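For what it's worth, my numbering labels the leading residue of the sequence shown as 1, then goes sequentially.
Quick reminder that beta carbons are idealized off the backbone N, C-alpha and C, glycines included.
All values reported here derive from a predicted model rather than from experimental measurement.
To keep things clear, I will list the structure first and then write my remarks on it.
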Amino acid sequence: MTSSRGKQHWRATSPADTLLYCHPTHIDPSAKFHEIKPETLKIHKQSDKIDHAHQVRTGPKDPSTGIYCGPDCINNPQQQPQEDDHRAHGVSDEYVEGNFLGLPEPGDRVDVVVLPLPYELTTSYGQGTADGPAACLAASGQVELFDEHLGADLPAGSSIHTEQAWSGEGPTLRSQLDELGTHLAPWCSGDVFPLALGGEHGILPPFIWALQNHPLIDGDLGRLTVVQIDAHADLRSELDGEVYSHACAASRSLDLGIGRLLQVGVRAYSKEEAERIEDDDRITTFFAKQTQSQNTGADAWQRWLEVLSDLSGPVHLTIDIDGLDASLVPATGTPVPGGLAFWQAVETIETVFGAKNATVISADLNEIATNDHSPVTEFTAAMLAAKTMAGHLKARAEGRWSATCEERGKVRTGPACDYFSKTDSPSQP
């Protein structure tokens, strides 16, 4: 049994592998699953294109049970819903499939833009990150809108725009990185908060390139701090001969000139990366062995939170979901045991956005993937994306974020990126 923002419904697969949705019409809410009689279930094929999640959570209630019974009792005058039933549960009047959290599109004004980036060219183990953004968006429709840290239902009066997914057509890896930079740049102008969903971690360098025109950066990426949740340091000079591998994302961001890199959750790294962490003063790494230790982990974790609280200036938050323990994200490309607990990731997000002297100007979640056995990976990613959005909206409400240029709406242009095609192969400093 799964939940559509608290409403009961069931998924089943037919022998022909046709996805079926089953939802209760008249059942005792205290009944156990095996006690539910087949005649109480209404089955729809996915091919009927019925927006089941929306129907269940906004449809009428059975007055005798208080359970949302979907569209099948809509013609029964004794089972008409109360006008504000769905609003009482913090659910939008309109559910839009494919949009983040199912939120309806705003007018021309945009406060937060969600950018699906299905980029996957250098994965080195598990595959499927190209499908990650769509899976995360679909899972986000099941995330509760209320955020206790924000104290409100998302979007909390703000306008959230889900952009069309990037569709790179460049013939080479570097040309696709340039396309990503060009795609991201119009959303990094300071009037909107960009939240990207990847895709492999190779999306990070183009994102950093795009941020150089942000008013708080003003061409000097040395002002920028990158906070990275990750199982891997991503500080290799190359992997399998490719300098723009996902395993080099942090290295290439440092090459672009970022001023500071803070990492947490790292527990799988090479000797080369260990040496760079030791030698490069811009890098501070909190290894998972420290923060997850049963003996000393609490002290190390508190030090991490203190570092975040002391941040100043513009910040980009990058979350490789494999930074979490593999039990939470088993479908990600390179799951690693011993990672962060879910609430540690949330605490990191909330602390970064809560830093009084810092402004988080952008964020990305990456290495999202899915499998046929469980939706836990994409649902975890969707919840973290929602927490990131809530963190931004809270900072906005408390005056730690404000637009730094005039609103530009949804139709945008920006500088074209050719950095990755024209730049020689980077060499580690």
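| Asked | Found |
| --- | --- |
| Would A358 and R396 qualify as a contact pair, given that the criterion is a beta-carbon distance under 9 Å? | no |
| Is P205 helix, strand or coil when you go by DSSP? | helix |
| Would you call T129 buried or exposed, if buried means 16 or more other Cβ atoms sit within 10 Å of its Cβ? | buried |
| Helix, strand or coil, according to DSSP, for K410 in the structure here? | coil |
| Answer yes if the segment 157-169 comes into contact with the segment 98-117, meaning at least three C-beta pairs across the two stretches below 8 Å, and no otherwise. | yes |
| Please work out which residues of its chain come closer than 7 Å, Cβ to Cβ, to V96, disregarding the five sequence neighbours upstream and downstream, and give them in chain order. | G102, L103, P104, E105 |
| Just to confirm, is the Cβ distance from T318 to H201 under 9 Å? | yes |
| Specify the secondary structure class of V307 as computed by DSSP and reduced to three states. | helix |
| In whole angstroms, what is the alpha-carbon distance linking P206 and S251? | 13 Å |
| Under the DSSP definition of a beta bridge, which residues are partnered with A196? | L115, D364 |
| Following the continuous alpha helix (DSSP H) through S251, name the residue where it begins and the one where it ends. | 249-256 |
| Per the DSSP calculation, T284 is bridged to which residue(s)? | L262 |
| Does the Cβ-Cβ distance between V192 and D230 come in under 9 Å? | no |
| Excluding the 5 residues flanking L216 on each side, which residues of the same chain have their C-beta closer than 8 Å to its C-beta? | G190, R223, G313, P314, T359, I361, T404 |
| From the DSSP output, in three-state form, read off S159 for me. | coil |
| Taking the straight line between their C-alpha atoms, what separation do you get for L204 and A386? | 20 Å |
| To the nearest angstrom, how far is the alpha carbon of K7 from that of D147? | A caution first: K7 carries a pLDDT of 33, below 50, which makes its placement in the model unreliable, though a value can still be read off. Using only the alpha carbons, I get a separation of about 18 Å. |
| In its own chain, which residues sit with a C-beta less than 6 Å from the C-beta of G126, not counting the 5 before and 5 after it? | Because G126 carries a pLDDT of 48, less than 50, the predicted location of this residue cannot be relied on, and no value is offered for it. |
| DSSP puts D191 in a beta bridge; with which residues? | Answer is none; D191 lacks a bridge partner. |
| Answer with buried or exposed for A299, where buried requires no fewer than 16 other C-beta atoms within 10 angstroms of its C-beta. | It is Asp, not Ala, that sits at residue 299 in the sequence shown. When all chains shown are included, D299 counts as exposed. |
| With burial defined as no fewer than 16 other Cβ atoms inside 10 Å of the residue's Cβ, what is the status of Q344: buried or exposed? | buried |
| Roughly how many whole angstroms lie between the Cα atoms of A134 and L195? | 14 Å |
| Leaving out five residues on either side along the sequence, give the residues of the same chain with a beta carbon under 7 Å from the beta carbon of P186. | R412, T413, G414 |
| Can you grab the Cα-Cα spacing for the pair G141 / D279, in whole Å? | 44 Å |
| Can you tell me whether DSSP reads A185 as helix, strand or coil? | helix |
| Nearest to L458 by CA position, among L262, A326, E407, is which residue? | No answer is possible for residue 458: it lies beyond the span of the chain, which begins at 1 and ends at 429. |
| Which whole-angstrom value describes the C-beta separation of G323 and L340, a residue pair presumed to lie in contact below a C-beta threshold of 8 Å? | 6 Å |
| Cβ atoms of L115 and L211: under 9 Å apart, would you say? | no |
| Using the C-alpha atoms, what's the distance from K356 back to L305? | 13 Å |
| From which residue to which residue does the beta strand (DSSP E) around H316 run? | 312-320 |
| Looking only at its own chain, which residues have a Cβ that is under 6 Å from the Cβ of D320, when we skip the five neighbours before and after it? | H201, D230, N366, E367 |
| On the CB-based measure, 16 or more other CB atoms within 10 Å of its CB, does R303 come out buried or exposed? | exposed |
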